[in-house]
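Please read the structure below before turning to the comments.
In UniProt numbering, the protein residues as written are 1 to 202.
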């Protein structure tokens with residue numbers, strides 16, 4: 001596989017947190033900017049950022065990347081974001097015609113590093129399915145690398161159903177073991193834990 005695209009999911013309403021987790025910072029950089037920057041740094045030929053809640057602020061946070069990067073970061077607004085994660089996967093229609101592997105990542109894994117994405121891309125290239133995912137206990141999920149056809153099928157899902165169940169059911173998915181990526185941000189307690197580990201600013 002030569003060349004990949006990236007889909008950054010950043011539409012959530014952060015209801016349990018009470019503030020936009022996309023705009024929390026690590027070393028002064030918002031998590032959404034960090035996720036998009038890492039997607040760009042991974043060598044993606046195209047990067048799609050899906051916004052929803054806090055769309056104006058989230059889009060503004062990546063303005064420099066959207067306007068200066070050679071790969072062309074495109075911001076897509078998901079008006080159906082309250083319906084759940086599946087509606088954001090449907091926004092992958094913006095990648096219509098792209099046939100290469102697609103890196104899917106979210107903004108609320110503050111421990112995410114470029115090395116994680118590089119290992120996923122290399123892993124996906126090494127297996128017949130051309131898919132890779134991150135181990136989360138007994139299941140796998142994002143960040144992940146999927147095929148364009150798999151992502152196209154995901155747009156028919158509803159609610160908070162993402163790619164995890166399908167990836168977990170596949171036998172030849174390359175799996176990244178990175179326990180630190182199990183720490184996502186949903187509640188104030190999650191923020192406190194991430195701050196204590198140096199993954200978020202105070």
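All residues carry an ideal CB built from backbone N, CA and C; glycine is no exception.
With a Cβ-Cβ cutoff of 8 Å, do residue 129 and residue 170 count as a contact?
Counting from 1 along the chain shown, the entry for residue 129 is found at position 129. Counting from 1 along the chain shown, the entry for residue 170 is found at position 170. A contact, by the Cβ cut-off of 8 Å.
What span of residues does the beta strand (DSSP E) with residue 84 cover, start to end?
For the purposes of this step, residue 84 is taken as residue 84 along the chain shown, with counting starting at 1. No beta strand (DSSP E) holds residue 84; DSSP gives it neither H nor E.
Between the C-alpha atoms of residue 163 and residue 153, what's the straight-line distance to the nearest angstrom?
In the chain shown, counting from the first residue as 1, residue 163 sits at position 163. In the chain shown, counting from the first residue as 1, residue 153 sits at position 153. One C-alpha to the other measures close to 10 Å.
When DSSP labels each residue in this structure, what does residue 74 get in the three-state scheme?
In the chain shown, counting from the first residue as 1, residue 74 sits at position 74. DSSP places residue 74 in strand when its eight states are reduced to three.
I think residue 8 touches residue 45, with their Cβ atoms under 8 Å apart; what is that distance to the nearest whole Å?
For the purposes of this step, residue 8 is identified with residue 8 of the chain shown, where counting begins at 1. For the purposes of this step, residue 45 is identified with residue 45 of the chain shown, where counting begins at 1. Going by Cβ atoms, the distance from residue 8 to residue 45 rounds to 14 Å, so no, they are not a contact pair.
Three-state secondary structure (DSSP) at residue 7?
Counting from one through the chain shown, the residue named residue 7 turns up at place 7. Note: residue 7 maps to strand in three-state DSSP.
With a Cβ-Cβ cutoff of 8 Å, do residue 201 and residue 25 count as a contact?
Numbered from 1 along the chain shown, position 201 holds the residue referred to as residue 201. Numbered from 1 along the chain shown, position 25 holds the residue referred to as residue 25. Their beta carbons are under 8 Å apart, which means residue 201 touches residue 25 by this criterion.
Please state whether DSSP places residue 48 in a helix, a strand or coil.
Numbered from 1 along the chain shown, position 48 holds the residue referred to as residue 48. Residue state, collapsed to three classes: strand.
Comparing C-alpha positions only, which one of 77, 109, 103, 99 sits nearest to residue 123?
Here residue 123 refers to the residue found at position 123 of the chain shown. Cα-wise, what sits closest to residue 123 is 103.
Classify residue 82 as buried or exposed, calling it buried when 16 or more other Cβ atoms lie within 10 Å of its own Cβ.
Within the chain shown, the letter at position 82 stands for residue 82. Answer is exposed; the Cβ neighbour count stays below 16.
Got a sec? Which residues, its chain only, sit under 8 Å from residue 38 by beta carbon, not counting five neighbours each side?
On the chain shown, residue 38 is found 38 positions in, with the first residue counted as 1. Excluding positions up to five away in sequence, the list reads 105, 112, 113, 114, 117.
Quick check on DSSP: helix, strand or coil for residue 114?
Taking the chain shown and counting its residues from 1, the one referred to as residue 114 is at position 114. In the structure shown, residue 114 sits in a helix (DSSP, three-state: H, G or I).
With a threshold of 16 other CB atoms inside 10 Å of the CB of residue 18, please say whether the residue is buried or exposed.
Within the chain shown, residue 18 is the residue found at index 18, counting from 1. Exposed.
Is the CB-CB distance between residue 40 and residue 47 below 8 Å?
Mapped onto the chain shown, residue 40 falls at position 40. Mapped onto the chain shown, residue 47 falls at position 47. Contact: yes.
Do residue 173 and residue 140 come within 8 Å of each other at the CB atom, strictly closer than that value?
Walking along the chain shown from the start, residue 140 turns up at place 140. Walking along the chain shown from the start, residue 173 turns up at place 173. Contact flag set, yes.
Just mark residue 52 as buried or exposed, buried being the case when its beta carbon has 16 or more other beta carbons within 10 Å.
Position 52 of the chain shown, counted from the first residue, corresponds to residue 52. Burial call: buried.
Alpha carbon to alpha carbon, how far is residue 97 from residue 196?
Mapped onto the chain shown, residue 97 falls at position 97. Mapped onto the chain shown, residue 196 falls at position 196. Their backbone Cα atoms lie some 43 Å apart in a straight line.
Quick check on the burial criterion: 16 or more other C-beta atoms within 10 angstroms. Buried or exposed for residue 63?
Taking the chain shown and counting its residues from 1, the one referred to as residue 63 is at position 63. Exposed is the call here.
Based on Cα-Cα distance, which residue from 5, 186, 27 lies nearest to residue 74?
Residue mapping note: residue 74 aligns to position 74 of the chain shown, counting from 1. Here the closest residue by C-alpha is 5.
By Cβ distance below 6 Å, which residues in the same chain neighbour residue 58 in space, the five residues on each side in sequence not counted?
Position 58 of the chain shown, counting from 1, holds the residue named residue 58. So the list reads 10, 22, 32, 51, once near-sequence residues are dropped.
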